[in-house]
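Numbering (the working numbering), first residue to last: 39 to 142.
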């Protein structure tokens, strides 16, 4: 992909995807905890990695390009990334009242 067309596509940074994935997966864990399900730390760590990989695949399927954080410093790219982050994190339906997996 050339530089000219890359700025016209939907872009998001690796950091943004990681942050959104962590927030979304945390919400999944909180809902599971409210239903009485608790998981060992090793399962949760693997789950975070799988969730991140799946989110990246979904974004690519939707036409996004995940750029390294160094590329994300370009002002035009940063505006596009900010819009994407608001869309990803803004779609959350649950808040994280207590991330029990951090207490272990």
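All C-beta atoms in this analysis are idealised placements derived from N, C-alpha and C, irrespective of residue type, glycine included.
Quantities reported herein were computed from a predicted structural model and do not represent experimental measurements.
C-alpha gap between residue i and residue j, whole angstroms
| i | j | result |
| --- | --- | --- |
| residue 63 | residue 107 | 22 Å |
| residue 79 | residue 71 | 13 Å |
| residue 66 | residue 48 | 26 Å |
| residue 85 | residue 105 | 23 Å |
| residue 81 | residue 54 | 23 Å |
| residue 69 | residue 50 | 27 Å |
| residue 97 | residue 52 | 11 Å |
Option in the options with minimal Cα separation from residue i
| i | options | result |
| --- | --- | --- |
| residue 90 | 50, 82, 60 | 60 |
| residue 87 | 69, 68, 56 | 56 |
Beta carbon of residue i nearer than 8 Å to that of residue j
| i | j | result |
| --- | --- | --- |
| residue 58 | residue 93 | yes |
Contact between the stretch 72-82 and the stretch 99-109 (3+ Cβ pairs under 8 Å): no
Length-filtered (4 minimum) alpha helix (DSSP H) runs lying within the stretch 65-111: 79-99
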